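There are 2 protein chains.
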Amino acid sequence: MLTEEMISALIQKTDSKILLLVMDGLGGLAVNGKSEMETAVTPNFDALVKTSAVGLADPVSPGITPGSGPGHLAIFGYDPLKYQIGRGVLEALGAGLEMTHRDVAARGNFCTIDSGDVITDRRAGRMATAINKKLCAKLKREIPAIDDVQLIIQPGIEHRFSVLFRGDDLDDRLTDADPQKEGKKRIPAETLDPAAKKTAVIVNKFLERVKEVLREDHPANAAILRGFAKYPAIPSMHTRFGLRAAAIATYPMYRGLAKLVGMEVLKTGDTFADEIQTLRQHFSSYDFFYLHYKKTDSYGEDGNFEMKVKSIEEVDRHIPELLSLDAEVFAITGDHSSPSALKAHSWHPSPFLLHSKYCGVDVVGRFTERECARGVLGKFQAVEEMTLMLANALKLKKYGA
Amino acid sequence: MLTEEMISALIQKTDSKILLLVMDGLGGLAVNGKSEMETAVTPNFDALVKTSAVGLADPVSPGITPGSGPGHLAIFGYDPLKYQIGRGVLEALGAGLEMTHRDVAARGNFCTIDSGDVITDRRAGRMATAINKKLCAKLKREIPAIDDVQLIIQPGIEHRFSVLFRGDDLDDRLTDADPQKEGKKRIPAETLDPAAKKTAVIVNKFLERVKEVLREDHPANAAILRGFAKYPAIPSMHTRFGLRAAAIATYPMYRGLAKLVGMEVLKTGDTFADEIQTLRQHFSSYDFFYLHYKKTDSYGEDGNFEMKVKSIEEVDRHIPELLSLDAEVFAITGDHSSPSALKAHSWHPSPFLLHSKYCGVDVVGRFTERECARGVLGKFQAVEEMTLMLANALKLKKYGA
Chain A
1 MLTEEMISAL IQKTDSKILL LVMDGLGGLA VNGKSEMETA VTPNFDALVK
51 TSAVGLADPV SPGITPGSGP GHLAIFGYDP LKYQIGRGVL EALGAGLEMT
101 HRDVAARGNF CTIDSGDVIT DRRAGRMATA INKKLCAKLK REIPAIDDVQ
151 LIIQPGIEHR FSVLFRGDDL DDRLTDADPQ KEGKKRIPAE TLDPAAKKTA
201 VIVNKFLERV KEVLREDHPA NAAILRGFAK YPAIPSMHTR FGLRAAAIAT
251 YPMYRGLAKL VGMEVLKTGD TFADEIQTLR QHFSSYDFFY LHYKKTDSYG
301 EDGNFEMKVK SIEEVDRHIP ELLSLDAEVF AITGDHSSPS ALKAHSWHPS
351 PFLLHSKYCG VDVVGRFTER ECARGVLGKF QAVEEMTLML ANALKLKKYG
401 A
Chain B
1001 MLTEEMISAL IQKTDSKILL LVMDGLGGLA VNGKSEMETA VTPNFDALVK
1051 TSAVGLADPV SPGITPGSGP GHLAIFGYDP LKYQIGRGVL EALGAGLEMT
1101 HRDVAARGNF CTIDSGDVIT DRRAGRMATA INKKLCAKLK REIPAIDDVQ
1151 LIIQPGIEHR FSVLFRGDDL DDRLTDADPQ KEGKKRIPAE TLDPAAKKTA
1201 VIVNKFLERV KEVLREDHPA NAAILRGFAK YPAIPSMHTR FGLRAAAIAT
1251 YPMYRGLAKL VGMEVLKTGD TFADEIQTLR QHFSSYDFFY LHYKKTDSYG
1301 EDGNFEMKVK SIEEVDRHIP ELLSLDAEVF AITGDHSSPS ALKAHSWHPS
1351 PFLLHSKYCG VDVVGRFTER ECARGVLGKF QAVEEMTLML ANALKLKKYG
1401 A
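Chains as they are written, first to last, in the numbering used here: chain A, 1 to 401; chain B, 1001 to 1401.
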């Protein structure tokens, strides 16, 4: 495979536009003989596939189930083994926090401790999210900063929250401040590198302050933190691929992932129709669009076969509208599979559809896992989707004389 | 591809079981329009393939014909370019010798020399194996050791034998004690590294002693040695994949290869039915089983198309019994192809069949080379079969957040 530098050297600017529709967790598994994609009634996909090339893409490599981070990095053209996004960062992005390069992010749990600082419940009884919000508001008010480090706290679902430590000379090489098991004492974060000394001091002071502030809030009378991570330094899509890229996503995590690779995040509403409206409005201003559709993943993770089928059908109904924009390249894929049968992300390769004037055309009849397995694009690595899209947009020069 | 450490970090223990049936040299080539697999009548494979995913796996890379060593290492999940098994070791394993990490192994030939120490026949007239056995017994009796190094000698077929040099500070960086051509003088082993000095002295003393002991045994009145090799240090399947792995094979070489990666070798009989009986007896005690079937390779190497077909049919008859064990993952493949038309190992990718609750299902109708070429698993590297099997056994966690 070409190095990043080799690909960047081949980039040529053209006016052509690339529209990448990511149907999160698209791929599935057959239940009663047919997968979600096979069960869905999709007249528009069926028509589109006749003038498209298809294949199956491994997000990372065969058998490896990716998280949303590596899954997305790959389809954005970034090697998911080279660029890694820490847990704390992904959680912060998912919580809608705006990160800077001065921040260290961590995932937190409210927990219950006894008088001897022993953790008796790592989830503080899985409180209602509304209570979590009140507790986070209290922490924000009472602990705006530790020394010269600013704290940004954001509630999550039930007992979960995100925290950003924002300041100079912070470092994420810390162990989790989490004994992992109940019946054990709380533990402080420890340095994995001397450069993280200051951060460890701040983090541990913070956890002691949390204990003081929450002393009357049993069962949520302390916190544990894990997954310390800095915002990764990733070259932008503009630097690497010469693209003015825009992202349209209803969920904060996907907007955050897009921002990680330097995309402009466009303000949009709550529905797929809202997203398409946003796409229309901004279509003349960018040359790459990442359009994210979440429900295929949500219903897959819920194990809801029927609703995953319906969400595929919902996207299908919008295909004519997306085609009417006349992007030179229109690609559709998932960042990973989420079969209802597994109720989780899975290792199965993602169906990939590429539509352009120059894509070559398949003999396949439908856009499904099995049909993509015999597509002209074959089985390939998801990280190569970007070069395929760029090539079809005539944005890549010849390699070698 | 993920590094070994990255894969090991994703391992999670579950009670699920993986059964890997290796039909040695399975893949073939069409003669009169149909390959051995296509000619065989295989109702059970045909039924199994309908609920399985298939593909084609390159043992090493396209066009490269593997020996049994790299072929097996790959399907056990070890990069065959990183882990190499010396010729002497493979020969010793094939001869049924138990090696230790103190040993240097070599392959030997009995040969004929004239009074000037010139080799007149590198194979000493391709003697009957029975004579070889007598000569080896004599060497064992007369040369139990050289200095502080113990000798273990094992007869092979015709003029071939194996020898282990067992002692401290031995090293395999030696040239062959073999001029390769007839009409040339015998030559001593020479050091390729100063650390091999002691070994060179011992090896050359041994060859002089052999000449003395065999002086009356014309035409087998001397020996040549080549392929000096130490037992390789390979992390066990337990270390790398968290598997309690067991091997069932009728031939010593395959038992030896399994032992190299830390599998427990189960005692079994001479037939495939014996092997399955052994599998049944021990099924509750391990979570990975390597079941080796030899005849597909033997008949392929003999160029016996008909008998290779019949051996595929023999395995087919046992499929219901294997399925009745209800392993969560059941995989079938070859370590390499052995087309009857070539009478040898070949570079053709191996058909691979994966059966599990979550394997995804193909549209293919039979388990053959051509059908596997359009399977959902596509074309992939055999070393990735292990991650696919582990994923399907739900023994791998998600990569990245």
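All C-beta atoms in this analysis are idealised placements derived from N, C-alpha and C, irrespective of residue type, glycine included.
A quick note: this is a predicted structure, and the numbers were derived from the prediction, not measured.
Reduced DSSP secondary structure (H/G/I, E/B, other) of residue i
i, result
"A/T387", "helix"
"A/V41", "coil"
"B/Q1084", "coil"
"A/D46", "helix"
"A/A92", "helix"
"B/A1382", "helix"
Distance, residue j Cα to residue i Cα
i, j, result
"A/D270", "A/T250", "6 Å"
"B/A1246", "B/Y1290", "6 Å"
"B/K1397", "B/Q1012", "6 Å"
"A/D21", "A/Y293", "Looking at the sequence itself, residue 21 of chain A is Leu, so the reference to Asp does not match. Cα-Cα distance, rounded: 7 Å."
"B/T1014", "A/K343", "18 Å"
"A/P252", "A/D176", "25 Å"
"B/I1276", "B/L1073", "23 Å"
"A/A128", "A/G242", "46 Å"
"B/A1327", "B/T1268", "20 Å"
"A/I119", "B/S1236", "37 Å"
"A/S356", "A/C136", "49 Å"
"B/F1076", "B/A1382", "9 Å"
"B/S1337", "B/G1067", "10 Å"
"A/S340", "B/Y1078", "32 Å"
"B/T1296", "B/I1312", "7 Å"
"B/A1009", "A/D302", "27 Å"
"B/G1183", "B/A1095", "30 Å"
"A/V149", "A/P70", "30 Å"
"A/D335", "B/A1196", "53 Å"
"A/V201", "A/L93", "25 Å"
"B/R1370", "B/L1026", "13 Å"
"A/P59", "A/S346", "10 Å"
Start and end residues, beta strand (DSSP E) containing residue i
i, result
"B/H1238", "Counting along the chain, B/H1238 falls outside any beta strand (DSSP E), though it belongs to the alpha helix (DSSP H) covering 1237-1241."
"A/V210", "First-last for A/V210: 197-213, but that is the alpha helix (DSSP H), not the beta strand (DSSP E)."
"A/C111", "103-113"
"A/I119", "119-121"
"B/D1058", "1053-1058"
"A/M23", "18-23"
"A/I224", "222-230"
Where the alpha helix (DSSP H) through residue i begins and ends
i, result
"A/F283", "Where A/F283 is concerned, there is no enclosing alpha helix (DSSP H), given that its DSSP letter is neither H nor E."
"A/P70", "68-75"
"B/M1006", "1004-1010"
"B/L1354", "Careful: B/L1354 lies outside any alpha helix (DSSP H), inside the beta strand (DSSP E) at 1350-1356."
"B/R1141", "1129-1142"
"B/R1370", "1369-1372"
C-beta neighbour in chain C for residue i, strict 8 Å
i, result
"A/T65", "Of the protein chains in this structure, namely A and B, none is chain C."
Check each residue of the region 1346-1380 of chain B: if its Cβ is closer than 9 Å to any Cβ of chain A, include it; give the result in chain order. Residues of the region 1346-1380 of chain B with a C-beta atom less than 9 Å from some C-beta of chain A are K1357, Y1358, C1359, G1360, V1361, D1362, V1363, R1374, G1375, V1376, L1377, G1378, K1379, F1380, listed in chain order.
Positions along the region 1025-1055 of chain B whose CB lies within less than 7 Å of some CB in chain A: Per Cβ criterion, the list is empty.
Length at least 3, wholly inside the region 243-275 of chain A: the beta strand (DSSP E) runs in chain order: Unbroken beta strand (DSSP E) runs of no fewer than 3 residues, entirely contained in the region 243-275 of chain A, are found at 245-248, following chain order.
Can you list the beta strand (DSSP E) stretches of 3 or more residues lying completely in the region 1296-1348 of chain B, in chain order? The region 1296-1348 of chain B contains these whole beta strand (DSSP E) runs: 1329-1333.
When you check each C-beta in the region 1316-1348 of chain B against every C-beta of chain A, which residues fall closer than 8 Å? With the criterion set as a beta carbon lying under 8 Å from some beta carbon of chain A, the region 1316-1348 of chain B has no members that meet it.
Beta strand (DSSP E) runs wholly inside the region 153-200 of chain A, at least 3 long, in chain order: Those beta strand (DSSP E) runs which fall completely within the region 153-200 of chain A and span 3+ residues are 160-166.
Chain-ordered residues of the region 1230-1257 of chain B with a beta carbon less than 8 Å from chain A: Within the region 1230-1257 of chain B, contact with chain A at the beta-carbon level (separation under 8 Å) is assigned to no residue.
Contact set between the region 68-90 of chain A and chain B, restricted to residues whose Cβ is under 9 Å from the partner: Those residues of the region 68-90 of chain A that come within reach of chain B (Cβ to Cβ, closer than 9 Å) are S68, G69, P70, G71, L73, P80, L81, Q84, I85, G86, R87, G88, V89, L90.
At a CB distance below 7 Å, what residues from the region 1158-1191 of chain B approach chain A? Give them in sequence order. Within the region 1158-1191 of chain B, no residue qualifies.
Against chain B, which members of the region 92-117 of chain A pass a CB distance test of less than 8 Å? Answer set for the region 92-117 of chain A: empty.
The region 212-230 of chain A: positions lying closer than 8 Å to chain B by Cβ: Of all residues in the region 212-230 of chain A, the ones placed with a Cβ closer than 8 Å to any Cβ belonging to chain B are G227, in chain order.
Quick one: which residues of the region 288-319 of chain A get their C-beta closer than 7 Å to a C-beta of chain B? List them in chain order. When CB distances to chain B are screened at a threshold of 7 Å, not a single residue of the region 288-319 of chain A falls below it.
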